[in-house]
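Residue 1 is where the sequence shown starts when you use our numbering, and the numbers rise one by one after that. Ideal Cβ placement from N, Cα and C applies to all residues, glycine included. The model shown is predicted, which means the values in this text are computed figures rather than measured ones. Worksheet: one structure, shown below.
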Amino acid sequence: NEELLKFRQSRSLLLPVKARASQFAEDLLGLLFPHFSEEVFYSPEEIAGQFTLLRRNLQSILQPLRTQMHCTVEKVAEDFFQIVPSIYRKMWEDAETIHRGDPAAESVDEVISAYPGFFAIATYRIAHEFYRMEVPIFPRILTESAHHRTGVDIHPGAKIGKCFCIDHGTGIVVGETTMIGDNVKIYQGVTLGALSVDKALASSKRHPTIEDNVVIYSNATILGGETVIGHDSVIGGNVWLTESVPPYSVVYHKSEVRVRDSRDNVTPLDFTI
1 NEELLKFRQS RSLLLPVKAR ASQFAEDLLG LLFPHFSEEV FYSPEEIAGQ
51 FTLLRRNLQS ILQPLRTQMH CTVEKVAEDF FQIVPSIYRK MWEDAETIHR
101 GDPAAESVDE VISAYPGFFA IATYRIAHEF YRMEVPIFPR ILTESAHHRT
151 GVDIHPGAKI GKCFCIDHGT GIVVGETTMI GDNVKIYQGV TLGALSVDKA
201 LASSKRHPTI EDNVVIYSNA TILGGETVIG HDSVIGGNVW LTESVPPYSV
251 VYHKSEVRVR DSRDNVTPLD FTI
C-alpha cells in the first residue's frame, strides 16, 4: 500500500492535465470557429483578450509537465500561438476540401458544425504542433479525446499535408510515422499502420507514406514503413497492402459474390457455421 501511495502521489498532477487538455482544444476551436461556441465577440480587442486568456490557460495546464519539457511552458505557449493563424488556414482548407468531396455536404458550415472527420483533423492539427515541440503526453491526450468523440484515431506525430479529407471517418487509424501528402481522401475503416516491430525500433519509420492526390476507400489496410502509395493512385475497399505501388495505380480486392433465388431448395451441405 505504501508503494502504491508513492506511485499515485508522483502522478497525481496528470489527471488535471488530462481533464483540461480536451477543454483547451474545444475552447480554441470555439474561438476560431463560432460553430463550436455560443460566445459572441464585438471587437478585435475582445478576441485578442480571449487569446491572452487561452495562452495563460495553456501555461497553467502544462505546468505539471514542465520538468519533462525541453523549454519553459511560457516558450511553448508563445510559439504555439504564433502559428495558430497557419493552423487556422489549414483547418479551413480541410473543411473546404471535405465540402467539395462530399455530395451530401450542403455547405462548409455544415462540415465544420457536424462532420466528425473535420473535428478529428482539426484536433490533430492542434496536437501535432505540440508533438513537434516535444511536449510530452499533452498532444496524445488531445488526439485521444477526439478519438473517443469521433472514432477517428490519428496519432499526433503523423505528418499530414494540406486539404486532407476524411469521409465518414469511423474506425480510421493513422499511425505515428505515417506521412500523408496533399489532397488525400480516406474513407471509414482505413488503417495506415505498422507491421509488428520490436520496441527497439520505435524511433524508426514504421508506417506508410501516402503521396499527393490519393484516394483510399473503406476498410483498406496499408502497413509498413517502406510502403509508399504513389501519387494519384486509388486504393479500393478491403485491400490489404504491405508493398509499394507506383503513381497512378488502381488497386482493388476482387471478391466472389454469389446470388441465388431465395425460393430454391437448399441442401444441408450448402450451409456453413
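Rounded to the nearest whole angstrom, the CA to CA distance from Glu226 to Thr52 is 44 Å. Of the residues Ala127, Ser86, Val73 and Arg149, the one whose Cα lies closest to the Cα of Ala25 is Ala127. DSSP, reduced to helix, strand and coil, places Gly193 within a strand of the structure shown. If you ignore the 5 residues before and after Arg206, its C-beta comes within less than 8 Å of the C-beta of Gly175, Glu176, Thr177, Ala194, Leu195, Val197, Gly224 and Gly225, all in its own chain and listed in chain order. When rounded, the separation of the alpha-carbon atoms in Lys75 and Glu129 is 13 Å.
The region 101-116 and the region 52-70 do not touch, with fewer than 3 CB-CB distances between them shorter than 8 Å. Closest in C-alpha terms to Glu211, from the list Ala200, Leu192 and Glu2, comes Leu192. Cys165 is bridged by DSSP to Lys185. Closest option to Tyr187, judged by alpha-carbon separation, among Gly30, Arg263 and Asn238: Asn238. Boundaries cannot be given for Ile137, as no beta strand (DSSP E) includes it and DSSP labels it neither H nor E.
No Cβ-Cβ contact shorter than 9 Å links Ser113 with Ser22.
Looking at the DSSP output, Lys90 bridges to nothing.
For the set His168, Phe164 and Phe36, the Cα lying nearest the Cα of Met179 is the one of Phe164. Of all alpha-carbon atoms in Ser203, Leu28, Gly181 and Val190, the one lying nearest the alpha-carbon of Ile83 is that of Leu28. In the structure shown, the three-state DSSP call for Val251 is strand.
Its Cα nearest to that of Ile222, the residue Ser244 stands out among Ser244, Gln50, Pro44 and His155.
By the criterion of a C-beta distance shorter than 7 Å, Val257 is surrounded by no residue of its chain, once the five residues flanking it on both sides are discounted.
In the structure shown, Thr221 adopts extended strand secondary structure according to DSSP, grouped into three states.
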